[in-house]
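Counting from -2, one number per residue, gives the positions in the sequence shown under my numbering. Ideal placement from N, C-alpha and C gives every residue a C-beta, glycine not left out.
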Amino acid sequence: MNDFTLLNQRFETAAPQTILQWAVDTYQERLALVTSFQPSGLVLLHMLHELAPTLPVLTLDTGLLFPETNSLIEQWEKAFNLKVTRIRPAQTVAQQAHSHGAALWEHDADRCCNLRKTIPLGAALQGYEAWITGIRRDQSQTRRSSPVVAWDSKYANVKLAPLATWTEEMVWTYIHAHDLPYNTLHHDNYLSIGCQPCTRAVAPGEDARAGRWSRQAKIECGIHVSDSIATVA
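Okay, here's the thing in structure tokens:
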């Protein structure tokens, strides 16, 4: 039984490594890291490589990722001897086009994200009691109140955001200090990198996620929506 209110009070000023160690000790083999290999995820990957090198690493392979993203995943696998589990949708992009029409992301992005990300992740997380994510409060308005630890009502397990209180500057300072490989698209002002058709470079003054679904009234893929904190679970 976890009292998430007390845990959040305890972890609000704790180092991410302290939070990760608690998670590893508490959930052991029932814990996984879910990452899209963006900067925050790279920090967590490196920290966990030192704390728990055999912890399962899951990533969503939507079939629509940038080539640079796929190259980065392979680079990390080789450099850190990682075993990354690629979570794939039930349908290929071609099969989805046959079922739902070509370029579903252009006329129903919510459905596309649901089919290619939210549903597959839910299936993959059924075997875990808790999962770690790299979301931070400074990434967008929708994430401003993200807790460090919460009961995730969407996937019926515990969700941890050890870097919730970190800033973008802190993330990049860590990456450069440890000389970690990162996505080369960041050099071209791609601050938040998702699927290729729905991601653009960010203009000066825009927040980090402004380049995601910028032609639509959409700001989240759905994975981090409808979470709730339970006082006791």
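Residue 190 carries a coil assignment under DSSP once its states are collapsed to helix, strand and coil. Counting along the chain, residue 75 sits inside the alpha helix (DSSP H) bounded by residues 64 to 77.
Using a Cβ-Cβ distance cut-off of 8 Å, the region 175 to 192 and the region 55 to 73 are in contact, since at least three pairs of beta carbons, one from each stretch, lie closer than that value. Cβ neighbours of residue 164 within its own chain (closer than 7 Å, five residues either side excluded): 135.
Rounded to whole angstroms, the separation of the alpha carbons of residue 61 and residue 194 is 7 Å. For secondary structure counted as the alpha helix (DSSP H) over 4 or more consecutive residues, the region 104 to 159 holds these complete runs in sequence order: 106 to 110 and 116 to 121.
Within the same chain, and ignoring the five residues on either side of residue 69 in sequence, the residues whose Cβ sits closer than 6 Å to its Cβ are 34 and 180.
The region 2 to 22 and the region 144 to 164 touch, with three or more beta-carbon pairs separated by less than 8 Å.
Nearest in C-alpha terms to residue 178, of all of 130, 74, 100 and 153, is 74. In the DSSP annotation of this structure, the continuous segment of the beta strand (DSSP E) that includes residue 82 starts and ends at 81 to 84. In the three-state reduction of the DSSP assignment, residue 31 falls in the strand class, which pools E and B.
In the structure shown, residue 52 adopts coil according to DSSP, grouped into three states.
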